[in-house]
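Enquirer: Can you keep this structure in mind? I'll have questions shortly.
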Amino acid sequence: MTQVDFYILDDKARINRYSLACRLTEKIYHQGRRVFIHTVSADEARHMERLLWTFRQGSFIPHGLLGSADATTTPVIIGSSGDAGEEQDVLINLAPEVPNFFSRFSRVAELIDREPEVKRSGRERFRFYRNRGYPMNTHNIDL
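Right, here's the structure in full:
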């Protein structure tokens, strides 16, 4: 069964959920795992692609956009459609809704920051997973 982790940034945190997504992606990549970052739009996917190049000096995370990158050689894929390609290891969800393909992943990371709409939709996703019996953890982050 899919493990769901909520990463909740403290209201006083200096970073937002996009920066947290970069940090989490880097950590997961260094563990030898594959990551699919699900965004709400193609613009947001391109934004995440740019951030992964620049979020930390000296960091390198091989990544690309779904449909453009070779998924067999690229460990981090970013997409915004209702499709995740063949990915099934770790899903980082930046969209306000639960993606219809989430259950094929071994882990799902839901990132919540101080934005009111992000908090509201995060609570809805929390209830969705809880009501269906998915194992969940909550991590409070104060970066």
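In the working numbering, the protein residues as written are 96 to 238. Glycine included, every Cβ here is placed at the ideal spot set by N, Cα and C.
Taking only beta-carbon atoms, is E181 less than 8 angstroms away from chain B?
Expert: Of the protein chains in this structure there is only one, and it is not chain B.
Enquirer: What distance in whole Å lies between the Cβ atoms of L206 and R129, which are believed to be in contact at a cut-off of 8 angstroms?
Expert: By 1-based counting over the sequence shown, the position of residue 129 is 34. By 1-based counting over the sequence shown, the position of residue 206 is 111. About 18 angstroms separates the two Cβ atoms, so there is no contact after all.
Enquirer: Using only alpha-carbon positions, find the residue among V171, N188, L189, I110 that is nearest to E181.
Expert: For the purposes of this step, residue 181 is identified with residue 86 of the sequence shown, where counting begins at 1. It is V171 whose Cα lies nearest to the Cα of E181.
Enquirer: Using the C-alpha atoms, what's the distance from E121 back to F221?
Expert: Residue numbering aside, residue 221 sits at position 126 when the sequence shown is read from its first letter. Residue numbering aside, residue 121 sits at position 26 when the sequence shown is read from its first letter. Rounded to the nearest angstrom, the two C-alpha atoms are 24 angstroms apart.
Enquirer: Within a Cβ cutoff of 8 angstroms, which residues of the same chain sit near G217, ignoring the five residues on either side of it in sequence?
Expert: For the purposes of this step, residue 217 is identified with residue 122 of the sequence shown, where counting begins at 1. The residues are F101, I103, E205, I207.
Enquirer: Return yes when the Cβ of A190 is within less than 8 angstroms of the Cβ of T134, no when it is not.
Expert: Reading the sequence shown from its first residue, position 39 is the one you call residue 134. Reading the sequence shown from its first residue, position 95 is the one you call residue 190. Closer than 8 angstroms, so yes.
Enquirer: What distance in whole Å lies between the Cβ atoms of I132 and A108, which are believed to be in contact at a cut-off of 8 angstroms?
Expert: Position 13 of the sequence shown, counted from the start, is the residue given in the question as residue 108. Position 37 of the sequence shown, counted from the start, is the residue given in the question as residue 132. Not really, about 20 angstroms apart at Cβ, beyond 8 angstroms.
Enquirer: By how many angstroms is the C-alpha of I173 removed from the C-alpha of E139?
Expert: As a working mapping, residue 139 is identified with position 44 in the sequence shown. As a working mapping, residue 173 is identified with position 78 in the sequence shown. Their backbone Cα atoms lie some 10 angstroms apart in a straight line.
Enquirer: Could you tell me which residues DSSP puts in a beta bridge with H133?
Expert: For the purposes of this step, residue 133 is taken as residue 38 along the sequence shown, with counting starting at 1. Looking at the DSSP assignment, H133 forms a beta bridge with G174, N188.
Enquirer: Under 8 angstroms, do I123 and V185 count as touching if we go by C-beta distance?
Expert: One-based indexing of the sequence shown puts residue 123 at position 28. One-based indexing of the sequence shown puts residue 185 at position 90. Their beta carbons are under 8 angstroms apart, which means I123 touches V185 by this criterion.
Enquirer: Find out if the Cβ-Cβ distance for the pair D105, N235 is shorter than 8 angstroms.
Expert: Position 10 of the sequence shown, counting from 1, holds the residue named residue 105. Position 140 of the sequence shown, counting from 1, holds the residue named residue 235. Yes, they are a contact pair.
Enquirer: Contact check, P211 vs V99 under 8 angstroms by CB: the rounded distance?
Expert: Start at 1 with the first residue of the sequence shown, and residue 211 comes out as number 116. Start at 1 with the first residue of the sequence shown, and residue 99 comes out as number 4. Actually they do not touch by this definition, with Cβ atoms about 22 angstroms apart.
Enquirer: Less than 8 angstroms between the C-beta atoms of S136 and S163, yes or no?
Expert: The residue given as residue 136 occupies position 41 in the sequence shown. The residue given as residue 163 occupies position 68 in the sequence shown. No, the pair does not count as a contact, with Cβ atoms beyond the cut-off.
Enquirer: What are the uninterrupted segments assigned as beta strand (DSSP E) that are 3 or more residues long and contained completely in the stretch 184 to 236, given in chain order?
Expert: As far as the stretch 184 to 236 is concerned, its whole beta strand (DSSP E) runs of at least 3 residues are 185 to 188, 202 to 207, 231 to 236.
Enquirer: Would the C-beta of V203 count as close to the ligand SAH, meaning under 7 angstroms from any of its heavy atoms?
Expert: Ligands are entirely absent from the displayed structure, and the ligand SAH is therefore not among its contents.
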